[in-house]
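Enquirer:
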Amino acid sequence: MSWLDLFNAALEAVRWNRMRSVLTMLGIVIGIAAIMLTVGL
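Each residue of the sequence shown is one higher than the last, beginning at 3 in our numbering.
1. Could you tell me the boundaries of the alpha helix (DSSP H) in which residue 13 lies?
2. Express the C-alpha separation of residue 42 and residue 24 in angstroms, rounding to a whole number.
3. Secondary structure at residue 43, three-state DSSP: helix, strand or coil?
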């Protein structure tokens, strides 16, 4: 499989599982923000 095929498969998975994808991205953003806040203190 080429990189383009993998990218298209990932986009299709995001489209099919939109709510799970949004919650996952939100969790990643909150986690990064928490780490940055902890390091900044």
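The beta carbon of each residue, even a glycine, is placed where N, CA and C say it ideally should be.
All values reported here derive from a predicted model rather than from experimental measurement.
Expert: In short, the structure shows the following:
1. Within the sequence shown, the letter at position 11 stands for residue 13. 5-18 is the extent of the alpha helix (DSSP H) around residue 13.
2. Walking along the sequence shown from the start, residue 24 turns up at place 22. Walking along the sequence shown from the start, residue 42 turns up at place 40. Counting only the Cα atoms, residue 42 lies some 27 angstroms from residue 24.
3. Residue 43 sits at position 41 when you count from the first residue of the sequence shown. It is coil, neither helix nor strand.
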